[in-house]
Amino acid sequence: MSMDCIFCKIISREIPSKIIFEDEETISILDAFPITLGHTLVIPKNHHEQIQDIPSDLNEKLFSTVQKMIKKTDSIKGSTLLLVHNGKDSGQEIMHVHVHLIPRGPEDSDDKLDHVFKNKPTFSDSAMNLIFEKLSS
């Protein structure tokens, strides 16, 4: 636990939250500042800043809980956007691993979340080959 972490304070019940599911290693809560109704966070109880910091057994448990919860969030609008900010430069604001489950339906197309996938840059073959070699080595 990190005593200056808002999620650690939620887990220890210092800060109230709307807990949807909890087991020994994970907790699922409604996001306090939801993008859509039913926006849920799945959080490991042990404090780890980034996905690569989590031991593999906890990672399996985290995504097992994600799988359970996504059935519930899918029931709200039909599908769910999974979002993980992994590091400050990716937009992570709370430095404790968490997975966003954001209910999405047909009425949500062309909203502010879709900008990430529109107007994508094009990359040269050489740039793609270089990044392929870096990532696959």
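In the working numbering, the protein residues as written are 908 to 1044. Ideal Cβ placement from N, Cα and C applies to all residues, glycine included.
Starting from the Cα of residue i, find the closest Cα among the options and give me that residue.
{"i": "Q999", "options": "I958, K979, T1029", "result": "I958"}
{"i": "F983", "options": "G945, D1032, E1014", "result": "Note that residue 983 is Ile in the sequence shown, not Phe. Looking at the Cα atoms, G945 is the closest of the given residues."}
{"i": "K978", "options": "E1014, E931, I927", "result": "I927"}
{"i": "D930", "options": "S1044, I918, M908, S909", "result": "I918"}
{"i": "D981", "options": "T943, N966, S997, L965", "result": "T943"}
{"i": "F940", "options": "H992, S1044, H1007", "result": "H1007"}
Could you spell out where the alpha helix (DSSP H) holding residue i opens and where it closes?
{"i": "I918", "result": "913 to 918"}
{"i": "L1042", "result": "1032 to 1043"}
By a C-beta neighbour count over all protein chains shown, 10 Å radius and 16 as the cutoff for buried, is residue i buried or exposed?
{"i": "K952", "result": "buried"}
{"i": "P1010", "result": "buried"}
{"i": "F1039", "result": "exposed"}
{"i": "S963", "result": "exposed"}
{"i": "I922", "result": "exposed"}
{"i": "M976", "result": "buried"}
{"i": "L1042", "result": "exposed"}
First and last residue of the beta strand (DSSP E) that includes residue i?
{"i": "I977", "result": "From DSSP, I977 is part of no beta strand (DSSP E) but of the alpha helix (DSSP H) over 963 to 984."}
{"i": "S935", "result": "933 to 937"}
{"i": "E929", "result": "926 to 929"}
{"i": "H1003", "result": "H1003 -> no beta strand (DSSP E), and no H or E assigned at all."}
Can you give the Cα-Cα distance for residue i and residue j, rounded to whole angstroms?
{"i": "L988", "j": "M1035", "result": "27 Å"}
{"i": "H955", "j": "T947", "result": "19 Å"}
{"i": "K968", "j": "H1005", "result": "13 Å"}
{"i": "K869", "j": "S924", "result": "Residue 869 lies beyond the stretch modelled for the chain, which goes from 908 to 1044, so this question has no answer here."}
{"i": "M910", "j": "D1032", "result": "48 Å"}
Short of 6 Å in beta carbon distance, which residues of its chain neighbour residue i, apart from the five on each side in sequence? Order them along the chain.
{"i": "T972", "result": "T933, V949"}
{"i": "S986", "result": "R1011"}
Once the 5 residues before and after residue i are set aside, which same chain residues still bring their CB inside 8 Å of it?
{"i": "I936", "result": "I917, S924, K925, I926, I927, T947, L948, I950"}
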